[in-house]
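>
Protein chains: 2
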Amino acid sequence: MPARPHAAIITVGTELVTGQRLDTNGAEIASALLASNLDVVEMLSVADDIDRLAAHLARLTGDCAVVVVTGGLGPTHDDITREAASRALKRPLVRAHEIEKTLASIIARHREPEAAEHILTQADVLDGADVIAPTTGTAPGQIVQTPGGVLLLLPGPPREMRPMLASFLGTTCPATPPIRLRSTGITESDAQIAAQRVIGDAQGVGLTVLAAPADVEVVLFDEGAGLPELERIGALVRAELGDVCYSSDGSSLAETVVMLARRRRVRLACAESCTGGKIASALTDIAGASEAFQGGVVSYANELKTDALGVPAEMLERFGAVSDETARAMVTGVAALTHAEFAVATTGIAGPDGGTAEKPVGLVWFGLQTPSGVSSVRREFFGDRAGVRTRATMFALDLLRRALMES
Amino acid sequence: MPARPHAAIITVGTELVTGQRLDTNGAEIASALLASNLDVVEMLSVADDIDRLAAHLARLTGDCAVVVVTGGLGPTHDDITREAASRALKRPLVRAHEIEKTLASIIARHREPEAAEHILTQADVLDGADVIAPTTGTAPGQIVQTPGGVLLLLPGPPREMRPMLASFLGTTCPATPPIRLRSTGITESDAQIAAQRVIGDAQGVGLTVLAAPADVEVVLFDEGAGLPELERIGALVRAELGDVCYSSDGSSLAETVVMLARRRRVRLACAESCTGGKIASALTDIAGASEAFQGGVVSYANELKTDALGVPAEMLERFGAVSDETARAMVTGVAALTHAEFAVATTGIAGPDGGTAEKPVGLVWFGLQTPSGVSSVRREFFGDRAGVRTRATMFALDLLRRALMES
Chain A
10 MPARPHAAII
20 TVGTELVTGQ
30 RLDTNGAEIA
40 SALLASNLDV
50 VEMLSVADDI
60 DRLAAHLARL
70 TGDCAVVVVT
80 GGLGPTHDDI
90 TREAASRALK
100 RPLVRAHEIE
110 KTLASIIARH
120 REPEAAEHIL
130 TQADVLDGAD
140 VIAPTTGTAP
150 GQIVQTPGGV
160 LLLLPGPPRE
170 MRPMLASFLG
180 TTCPATPPIR
190 LRSTGITESD
200 AQIAAQRVIG
210 DAQGVGLTVL
220 AAPADVEVVL
230 FDEGAGLPEL
240 ERIGALVRAE
250 LGDVCYSSDG
260 SSLAETVVML
270 ARRRRVRLAC
280 AESCTGGKIA
290 SALTDIAGAS
300 EAFQGGVVSY
310 ANELKTDALG
320 VPAEMLERFG
330 AVSDETARAM
340 VTGVAALTHA
350 EFAVATTGIA
360 GPDGGTAEKP
370 VGLVWFGLQT
380 PSGVSSVRRE
390 FFGDRAGVRT
400 RATMFALDLL
410 RRALMES
Chain B
10 MPARPHAAII
20 TVGTELVTGQ
30 RLDTNGAEIA
40 SALLASNLDV
50 VEMLSVADDI
60 DRLAAHLARL
70 TGDCAVVVVT
80 GGLGPTHDDI
90 TREAASRALK
100 RPLVRAHEIE
110 KTLASIIARH
120 REPEAAEHIL
130 TQADVLDGAD
140 VIAPTTGTAP
150 GQIVQTPGGV
160 LLLLPGPPRE
170 MRPMLASFLG
180 TTCPATPPIR
190 LRSTGITESD
200 AQIAAQRVIG
210 DAQGVGLTVL
220 AAPADVEVVL
230 FDEGAGLPEL
240 ERIGALVRAE
250 LGDVCYSSDG
260 SSLAETVVML
270 ARRRRVRLAC
280 AESCTGGKIA
290 SALTDIAGAS
300 EAFQGGVVSY
310 ANELKTDALG
320 VPAEMLERFG
330 AVSDETARAM
340 VTGVAALTHA
350 EFAVATTGIA
360 GPDGGTAEKP
370 VGLVWFGLQT
380 PSGVSSVRRE
390 FFGDRAGVRT
400 RATMFALDLL
410 RRALMES
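First to last, the sequence lines map onto chains A and B.
Using the numbering used here, you'd call the opening residue of the first sequence number 10 and step up by one each time.
Using the numbering used here, you'd call the opening residue of the second sequence number 10 and step up by one each time.
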């Protein structure tokens with residue numbers, strides 16, 4: 010496999026092209042295609058416009074080995090994906106009788122006779138398509154052979170889409186998965202240089218570096234080298250990245266922290282001022298977090314720092330809420346309250362207002378409690394309010410990760 | 010203006026087509042174009058592939074009145090947008106001398122002589138383009154006349170992109186902004202039916218209904234009716250939607266809650282179990298939240314419900330953490346701790362594990378404290394862990410909104 014096969018993703022729905030909804034489906038599918046060693050060359054969101062969708066489908070199915078479409082498979086007249094695919098591939102729609110039967114019980118629940126015909130359109134599939142029966146929801150998925158490879162039509166709701174995508178990728182694309190080294194606390198270009206230095210002139214290993222705020226991912230692909238060589242180079246790149254690298258299987262930083270704490274059977278807690286609940290929210294996003302994460306206090310107001318965490322009012326008065334002293338007192342307080350062995354605290358100025366020459370917007374003090382004692386770190390982050398909050402959250406989670414690794 | 014002019018958005022960068030980064034720029038631009046009465050027909054993310062980008066630019070600039078591109082304007086060889094636009098529009102690149110001058114100070118900071126030429130490429134603009142000087146960052150924006158209208162090239166970093174987009178839209182698209190009625194607690198189809206019933210056969214008013222989890226937006230466009238008629242119909246649709254409608258200017262639910270609390274000069278707090286910090290995080294995302302939001306407790310573990318919020322251990326033992334009694338005790342506890350006049354509490358089963366026949370995954374109890382007293386509500390939400398947490402967060406914020414409206 011000298012180069013990876015091309016893939017494209019189309020998400021269908023007017024809500025996507027108006028900014029009302031972030032295209033999380035597209036990103037999730039992109040990530041899954043990457044893990045199957047496919048090279049996603051474009052992602053497209055289109056409004057409910059049948060001509061436009063058909064034109065894109067005709068173009069991409071000739072060009073890409075895999076084209077994935079989500080959305081537009083429901084029962085209303087806005088659901089245009091079946092008809093657009095039929096036009097693009099010049100293949101008629103035929104009714105899938107197995108699917109039709111399962112829809113009968115749904116029709117029985119509707120009062121309006123005309124609802125029946127709408128609902129039954131969900132059983133229409135492209136002639137010759139492999140039908141993926143829904144495990145939840147009503148619309149089936151479809152796998153259709155195309156001039157360039159295969160077209161996969163999936164429903165839009167993530168919990169309907171997800172099992173069908175996994176089933177498709179599991180049977181169709183058993184490629185070597187790439188190695189995904191995720192890091193925080195390193196720039197994109199430094200990560201690129203480090204990885205390139207290791208790879209050198211080695212043949213058959215592809216490299217991509219991806220960056221989000223405070224989160225850099227080095228992805229190594231098998232482009233002919235074979236799995237043992239890919240793993241050998243992956244281990245060397247990980248060593249070169251050093252302790253900024255927090256996972257080698259694509260796990261997020263919060264997942265890594267929860268996994269480390271569960272493995273060590275220790276408890277976690279947090280006291281948050283400027284991050285305002287984002288650390289707790291990131292940890293509780295992870296299923297199984299309750300085995301390690303006790304909770305914490307969002308002490309946005311100074312009174313709450315005193316009343317819930319025991320930060321002395323005189324300390325706040327003397328050093329300010331954004332200070333080394335307050336960060337340490339917050340983390341000590343939340344660790345005592347929750348009996349957690351590992352805790353982190355944040356207090357800073359997220360902006361846009363509240364900055365001074367001495368304490369600018371972006372300044373954050375972190376407190377860290379571990380079984381070895383209390384410490385603190387000062388950082389200045391750039392960016393707007395959202396950027397400062399995201400970077401401070403990642404930094405706090407990384408403090409927990411490093412402390413857990415050392416324990 | 011019988012129909013709205015078409016627009017398209019292209020975001021450039023390999024990190025977007027691998028699922029590493031959500032395309033928040035695209036969504037933000039889409040929302041701004043919608044507010045300028047433009048009809049976004051497609052949004053596209055492409056990898057750093059010059060031929061593919063040039064082909065899309067050639068296609069879309071012939072087809073759309075406004076094409077916005079972000080990303081790919083930096084100094085590295087991955088930054089392909091200038092060259093791709095030059096090819097697509099068959100216009101040479103020329104160096105903008107004003108921009109070149111401002112880059113000189115940046116070059117002085119680099120050690121490698123070859124860095125200079127890379128950095129100076131950022132001053133290359135399409136011949137005849139209007140240059141938008143950067144207020145932050147180094148790459149200028151460009152406004153280029155095209156066969157179909159105008160092409161706008163913007164840098165990728167949001168804080169560089171944002172002021173340039175606002176400046177462009179402010180001068181180029183002074184259209185009637187649409188009316189954006191946002192609601193929670195109503196289905197997309199019920200909102201559609203309610204709006205359509207009001208609009209009836211009225212001419213010159215466009216309607217789009219957009220849906221995200223627990224968040225439905227009815228957008229009314231001026232398609233010839235004129236502003237007074239649009240506003241008259243907007244008021245009628247809002248009345249028809251009733252108290253599920255929380256804003257008519259596109260503000261988010263968290264923004265609405267913070268605004269209401271600030272206006273009434275009251276304090277807010279929250280005690281979160283299953284939402285795990287998402288309510289606090291949503292409120293503190295809003296600049297100025299500190300004037301109303303005191304903070305709260307993320308009482309994930311039962312011990313913390315007792316130790317920080319004063320929920321009696323016998324109560325947890327007898328009724329369970331997910332119960333009417335616990336929700337009430339949690340909200341009473343957090344209101345007492347924070348001295349907030351309005352507080353909300355959540356305790357539920359987000360899944361995927363922990364559900365029983367009596368207390369299934371998706372069950373959430375809410376506690377609400379207001380100056381009139383304490384109340385509670387039971388809800389069952391469908392969806393996966395992320396969906397349940399999002400819907401519970403929206404519901405809790407809406408409890409606060411309704412309580413504030415009544416006060």
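In this text, a Cβ means the ideal position worked out from N, Cα and C, and glycines have one as well.
Secondary structure at B:ARG411, three-state DSSP: helix, strand or coil?
helix
> Is A:ARG168 close to chain B, meaning its C-beta is less than 8 angstroms from at least one C-beta of that chain?
yes
> Looking only at C-alpha atoms, which of B:CYS279, B:PHE375, B:ALA203 and B:ALA93 sits nearest to B:GLY243?
B:ALA203
> Would B:SER114 count as contacting chain A if we go by Cβ distances under 8 angstroms?
Closer than 8 angstroms: no.
> Can you name the residues that DSSP bridges to A:GLY215?
A:PHE230
> Quick one: using the 10 Å Cβ neighbour count with 16 as the cut-off for buried, is A:LYS99 buried or exposed?
exposed
> On the three-state DSSP scale, how would you describe A:VAL55?
Secondary structure of A:VAL55 (DSSP, three-state): strand.
> Output the distance between the C-alpha atoms of B:LEU66 and B:ALA93, rounded to the nearest integer angstrom.
8 angstroms
> By DSSP, does A:MET10 sit in helix, in strand, or in coil?
The predicted position of A:MET10 is uncertain, since its pLDDT is 46 and thus under 50; no value can be drawn from it.
> Quick one: what's got a C-beta closer than 8 angstroms to A:ALA289's C-beta in the same chain, skipping five residues either side?
CYS279, GLU281, PHE302, GLY304, GLY305 and VAL307
> Can you tell me the Cα-Cα spacing of A:ARG191 and B:THR27, whole angstroms?
14 angstroms
> Using a Cβ cut-off of 8 angstroms, which residues of the segment 302 to 317 of chain B contact any Cβ in chain A, in chain order?
Residues of the segment 302 to 317 of chain B whose Cβ lies closer than 8 angstroms to any Cβ of chain A, in chain order: PHE302, GLN303, GLY304, GLY305, VAL306, VAL307, SER308, TYR309, ALA310, GLU312, LEU313, ASP316 and ALA317.
> Using a Cβ-Cβ cut-off of 8 angstroms, state whether B:GLN29 counts as contacting chain A.
yes
> Which residue spans inside the segment 96 to 161 of chain A form an unbroken alpha helix (DSSP H) run of at least 4?
Secondary structure in the segment 96 to 161 of chain A: the alpha helix (DSSP H) runs of 4 residues or longer, each lying completely within the stretch, are 106 to 116 and 122 to 129 in chain order.
> If you drop the 5 nearest sequence neighbours on each side, which residues of the same chain put their C-beta closer than 8 angstroms to that of B:MET10?
The predicted model places B:MET10 with a pLDDT of 46, which falls under 50 and marks its position as unreliable, so this point remains unresolved.
> DSSP state of A:ALA298, grouped into three classes?
helix
> Can you name, in chain order, every residue of its own chain whose Cβ lies under 7 angstroms from the Cβ of A:ILE208, other than the five neighbours on each side?
Correct list, in chain order: VAL214, LEU216 and ILE242.
> Is DSSP giving B:ASP199 helix, strand or coil here?
helix
> What are the residues that DSSP puts in a beta bridge with A:HIS65?
Per DSSP, none; premise fails for A:HIS65.
> Among the candidates A:THR365, A:LEU318 and A:GLY363, whose CA atom is the shortest distance from the CA of A:VAL353?
A:LEU318
> Who are the neighbours of B:THR79 on chain A, taking C-beta pairs under 9 angstroms?
None at all; the shortest Cβ gap to chain A is about 13 angstroms.
> Look at A:LEU229 and A:LEU239 and say whether their C-beta atoms are less than 8 angstroms apart.
Between A:LEU229 and A:LEU239, the C-beta gap is smaller than 8 angstroms, which places the two residues in contact.
> Would you report the Cα separation of A:PRO14 and B:ARG68, rounded to the nearest angstrom?
A:PRO14 and B:ARG68 have their C-alpha atoms spaced approximately 24 angstroms apart.
> Roughly how many whole angstroms lie between the Cα atoms of A:GLY71 and B:HIS127?
36 angstroms
> Considering Cα atoms alone, identify which of A:VAL246, A:VAL267 and A:LYS314 is closest to A:SER332.
A:LYS314
> Name the chain A residues whose beta carbon is nearer than 8 angstroms to that of B:GLU232?
Correct list: empty, because the minimum Cβ distance to chain A is about 15 angstroms.
> Taking CB distances under 8 angstroms as the criterion, tell me whether B:PRO361 reaches chain A.
yes
> Where does the unbroken beta strand (DSSP E) through B:GLU389 begin, and where does it stop?
382 to 389
> From B:SER40, B:VAL76, B:GLN29 and B:ALA310, pick the residue whose C-alpha is nearest to that of B:ALA56; which is it?
B:GLN29
> To the nearest angstrom, report how far apart A:LEU292 and B:LEU174 are at their CA atoms.
35 angstroms
> Would A:ILE38 and A:VAL77 be called neighbours here (beta carbons separated by less than 8 angstroms)?
yes
> What distance in whole Å lies between the Cβ atoms of A:LEU82 and A:ARG91, which are believed to be in contact at a cut-off of 8 angstroms?
7 angstroms
> Can you tell me which of A:ARG272, A:GLU323 and A:GLN151 puts its alpha carbon nearest to the alpha carbon of A:MET414?
A:ARG272
> Is the beta carbon of A:ALA401 closer than 8 angstroms to that of A:THR265?
no
> When the cut-off is 8 angstroms and only beta carbons count, does A:ASP407 lie next to chain B?
A:ASP407 does not count as touching chain B.
> Tell me the start and end of each unbroken alpha helix (DSSP H) in the segment 254 to 314 of chain B that is at least 4 residues and wholly inside, in chain order.
262 to 273 and 287 to 293
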